[in-house]
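Participant: Got a structure for you, questions after.
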Amino acid sequence: MTTTDKPKRPPRPVPYVMDEDQAKLLARLSEDYADALTEIRDRTPHAAVAALLHAVHAHQADRVFACDPRWRETAGITEVPEDRADDVAAALALLQVARDDLEGLEGGLLLAARTASTRTGKPLLTFKQIAAALGVESEQAAQGRYRRKVGTPNASSSGIDGTP
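Using the numbering used here, count along the sequence shown one by one with no gaps and you end on 164.
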């Protein structure tokens, strides 16, 4: 492509790309937990933080691309979305809330994964399964993550398998 060539279409920034399996998991969980979503939103205001951060990001990404005259012409954009510096600053300030929320969720989910199943009495997930779900390379990596997030609970009093 030479400098005079026009791009075919503006690229959409997609920093959080889901693969097909993750998209199917998201669809299944969205369906299975649809009733709980409203209750969670009402009970936990920070649950909406991630969605709001994505909305601010999408608006700003559109603004960035619309500022480029070549993209604007190619995409048929007639006006540039407004600058929202206050929104960007607010979103940056809320990133820590989102991080803290995800940290808590990860610890809770890891604890749930290693809690004894009511059917079998064995942990719900093995560390091999946890490693696969988290996308880490080994069971040892999953065990280390578990120890960092949850600690090593007392197996006899907690009902957890006690595997470090």
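Just so you know, even glycine gets a beta-carbon here, dropped at the ideal spot from N, CA and C. Model, not experiment: these values are computed from the prediction.
What is the rounded straight-line gap between the Cα of Leu26 and the Cα of Tyr33?
Facilitator: Those two C-alpha atoms are separated by around 10 Å.
Participant: Can you check which of these residues, Ala58, Val80, His59 and His57, is closest to Asp68 by C-alpha distance?
Facilitator: Ranking Ala58, Val80, His59 and His57 by Cα distance to Asp68 puts Val80 first.
Participant: Nearest to His54 by alpha carbon, out of Gly108, Leu94 and Thr74?
Facilitator: Considering only alpha carbons, the answer is Leu94.
Participant: Does DSSP classify Pro69 as helix, strand or coil?
Facilitator: Residue state, collapsed to three classes: helix.
Participant: Our contact map puts Asp101 next to Val150 with C-beta atoms below 8 Å; I'd like the distance itself, whole angstroms only.
Facilitator: That belief does not hold up - the Cβ atoms of Asp101 and Val150 are roughly 17 Å apart, past 8 Å.
Participant: Using the three-state DSSP reduction, which class does Thr115 fall into: helix, strand or coil?
Facilitator: Reduced to three states, the DSSP call for Thr115 is strand.
Participant: Taking Leu52 as the reference, which of Trp71, Thr78 and Ala89 has the closest Cα?
Facilitator: Ranking Trp71, Thr78 and Ala89 by Cα distance to Leu52 puts Ala89 first.
Participant: Go ahead and label Arg114 buried or exposed: buried means 16 or more other beta carbons lie within 10 angstroms of its beta carbon, across all protein chains shown.
Facilitator: Answer is buried; the Cβ neighbour count reaches 16.
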